[in-house]
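Accompanying notes for the structure given below.
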Amino acid sequence: MKIGFIGLGNMGAPMAANLAAAGHVVAGFDTVADAPSGVVRVGSAAEAAAGADVLITMLPNGAILQAVAAQVIPVMASGAVFVDCSTVEVDAARDVAGLAAAAGLGWLDAPVSGGVGGAAGGTLTFMAGGSDAAFASVTPLFDIMGQKAVLCGPAGNGQAAKICNNMILGVTMIATCEAFAMADKLGLSRQSMFDVVSTSSGYSWTMNAYCPAPGVGPKSPADNNYQPGFAAELMLKDLGLAQAAAEAADADTPMGAAALALYRRFVEDEDGLGRDFSAMLPRFEGRGRGD
Ligand code: NAD
Numbered sequence: 000m001k002i003g004f005i006g007l008g009n010m011g012a013p014m015a016a017n018l019a020a021a022g023h024v025v026a027g028f029d030t031v032a033d034a035p036s037g038v039v040r041v042g043s044a045a046e047a048a049a050g051a052d053v054l055i056t057m058l059p060n061g062a063i064l065q066a067v068a069a070q071v072i073p074v075m076a077s078g079a080v081f082v083d084c085s086t087v088e089v090d091a092a093r094d095v096a097g098l099a100a101a102a103g104l105g106w107l108d109a110p111v112s113g114g115v116g117g118a119a120g121g122t123l124t125f126m127a128g129g130s131d132a133a134f135a136s137v138t139p140l141f142d143i144m145g146q147k148a149v150l151c152g153p154a155g156n157g158q159a160a161k162i163c164n165n166m167i168l169g170v171t172m173i174a175t176c177e178a179f180a181m182a183d184k185l186g187l188s189r190q191s192m193f194d195v196v197s198t199s200s201g202y203s204w205t206m207n208a209y210c211p212a213p214g215v216g217p218k219s220p221a222d223n224n225y226q227p228g229f230a231a232e233l234m235l236k237d238l239g240l241a242q243a244a245a246e247a248a249d250a251d252t253p254m255g256a257a258a259l260a261l262y263r264r265f266v267e268d269e270d271g272l273g274r275d276f277s278a279m280l281p282r283f284e285g286r287g288r289g290d
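Residues in the sequence shown are numbered from 0 upward in steps of one, following numbering that gives the first Met the number 0.
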C-alpha cells in the first residue's frame, strides 16, 4: 500500500518504520522530526497525503489534528482512508470524521495503548472507531504495528475506549501507590503486600504487571528510577480528555476528577514532570494526611 504518515515523534517514527520494513511505501512528514529508516521524508502534510491509500496521523493533540486535517482532506483521493492514531478529544475525532466522510474518505480514529516500547516492537493495541469497511481495509497495517485491534463502533468510539481505559489506569495507579505508602507506615513489607494483593481481590494491572514499588513484582519503570515508561504528563493529558468528555456527556466521574487533580498537582506543582506515572509512590511515601 501507499501510506502517508504525519507525526514522526516518539510513537509515530517507530510505527512508520515498521510499516516500511514490512514492504509498504511510506511518505512521512513532521514539522520537526526526521524520518526514520525506510520512510521517505516529504516537504508537507499535503504531499504525504496526496495519492496515499491510507493516511496515518500520530500528533500531539486535537487542535493540531484539526489543522492537519484541513490541509490533507482536500488532496486525498476519494476512497482513501484517514486513520488518526493520536489521543485526542472524542469531539475532535468526530468533527474530523465528518469532514472526511463529506470528502468521500474512509475514517478511523484508532488511538493506541502500549507506549513507545509497543510502537517499536509492533505490539500496540488499537481501539478503533469508524466503519467496518474502513477497519477491514486497514487491519493488515494494524497487524504490522500492533498485536490487537478492536473496532469499538462508529467514529469517536476509539477515543472513548481509550479515555475510559486510561481513567481506570490513572485511578488504579493512585490507589495502588497510596496503599503501598500506607502499608509502609503500618509496618507491612512491600513484598508481603505484593504477594497478597497480586493474588487477591485488590489485584490490577498496575499491581501485577507494572508494580510501582522498586524491586517488587515484575520489572517496571520503578526499577529504573521511574524513567518513563508512560510519563505522568501523558497521564495528565488523558485524564483531562476524560473529564472533558465526562462533562460533555454529563457523566458522574468523581474518581476520574480526583485522579486528574492529583496528577495535575504532581506534574505542575511537584516533581512529576518527566517521571513515570508510577512515581506517585515516592510522592505518597513521605507525606502525611495533611500534606
Ligand atoms: P511526540 O510529541 O513525540 O510526537 C508528535 C510529533 O508530531 C512530533 O514529532 C511533532 O514535531 C509532530 N508535529 C506536531 N505538529 C505537527 C504538524 N502540524 N505537522 C506534522 N507534524 C507535527 O508525541 P508521541 O509520544 O509520539 O505521541 C503522539 C500521540 O500518541 C499523542 O496524541 C499521545 O497522547 C499518544 N500516545 C502516546 C504514548 C506514549 O507513550 N508516548 C502512548 C499512547 C498514546
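Beta carbons: idealized from backbone N, C-alpha and C, even for Gly. None of the values given here were measured: they were computed from a predicted structure.
Straight-line Cα distance separating residue j from residue i
i    : j    : result
F193 : A92  : 40 Å
V74  : L261 : 43 Å
A79  : A44  : 15 Å
S77  : G103 : 5 Å
L291 : Q70  : Any question about residue 291 goes unanswered here, given that the chain covers just 0 to 290.
A247 : G11  : 29 Å
H23  : A16  : 10 Å
A34  : A257 : 39 Å
G120 : M0   : 21 Å
L107 : K218 : 34 Å
L58  : P213 : 32 Å
I55  : G186 : 51 Å
M234 : P211 : 15 Å
CA nearest to the CA of residue i, picked from the options
i    : options                   : result
S197 : D183, V215 and A180       : V215
A132 : V115, I143, P110 and G105 : G105
I72  : G61, V89 and A47          : A47
M144 : P13, A278, R288 and S277  : P13
A100 : P59, A154, A109 and G114  : A154
I173 : V137, S191 and F265       : F265
L64  : D29, V195 and D251        : D29
N165 : L18, L187, G113 and A21   : G113
A109 : G116, F81 and D290        : F81
A96  : E267, N156, D290 and Q226 : N156
8 Å contact criterion, which residue i and residue j should meet: CB distance rounded
i    : j    : result
V67  : I2   : The pair is not a contact, with the Cβ atoms about 15 Å apart (cut-off 8 Å).
F302 : A231 : No information on residue 302 is available, as it lies outside the stretch 0 to 290 that the chain covers here.
D183 : E284 : 7 Å
V31  : F4   : Not a contact, Cβ separation roughly 15 Å.
Using 8 Å as the Cβ pair cut-off and three pairs as the minimum, do the stretch 115-125 and the stretch 135-152 touch? yes
What ranges does the alpha helix (DSSP H) occupy inside the stretch 143-208, keeping only unbroken runs of at least 4 residues that lie completely in it? 156-185, 189-196 and 204-207
For the 8 Å Cβ check, are there 3 or more pairs between the stretch 232-240 and the stretch 197-207? no
Three or more C-beta pairs under 8 Å: does that hold for the stretch 86-100 against the stretch 156-167? yes
Those runs of the beta strand (DSSP E) which lie wholly inside the stretch 17-80 and span at least 3 residues: 24-28 and 53-56
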